[in-house]
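A quick write-up on the structure given underneath.
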Amino acid sequence: MNRYYVYITSSYQGTLYVGMTNDLYRRAYERRHKLVPGFTRRYNATKLVYYEETPSVESAIAREK
Numbered sequence: 255m256n257r258y259y260v261y262i263t264s265s266y267q268g269t270l271y272v273g274m275t276n277d278l279y280r281r282a283y284e285r286r287h288k289l290v291p292g293f294t295r296r297y298n299a300t301k302l303v304y305y306e307e308t309p310s311v312e313s314a315i316a317r318e319k
């Protein structure tokens, strides 16, 4: 069974980013170490503040929105 996660990261200034992944540990590591180009690097949204597991990729996509 695949697991999908919706997560929120934050910068110290309060900028939030909402995303989804099937590997929360890997994604948190990538964000914390700024290995992902784009929003995270630009706004320094590296602190994981919330996550939840969803039963399917479709429900993760819907929840992310």
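Each position in the sequence shown, counted from 1, maps to that position plus 254 in this note's numbering. For glycine and all other residues, C-beta sits at the position ideal for the given N, C-alpha and C.
Closest Cα partner of residue i within the set the options
i    : options                : result
L278 : E312, T308, A316       : T308
N298 : E306, Y259, M274, A282 : A282
S264 : T275, N256, T294, H287 : T294
L302 : V311, L270, E318       : L270
Boundaries (first-last residue) of the beta strand (DSSP E) holding residue i
i    : result
T308 : 301–308
T275 : 270–275
Alpha-carbon to alpha-carbon, residue j and residue i
i    : j    : result
Y261 : R280 : 12 Å
T300 : V272 : 12 Å
V290 : E284 : 6 Å
Y304 : M255 : 22 Å
N276 : E312 : 12 Å
Whole-number beta carbon distance between residue j and residue i, since they are thought to touch under 8 Å
i    : j    : result
A314 : Y258 : 4 Å
Contact with chain B by residue i, beta-carbon distance below 8 Å
i    : result
E284 : Of the protein chains in this structure there is only one, and it is not chain B.
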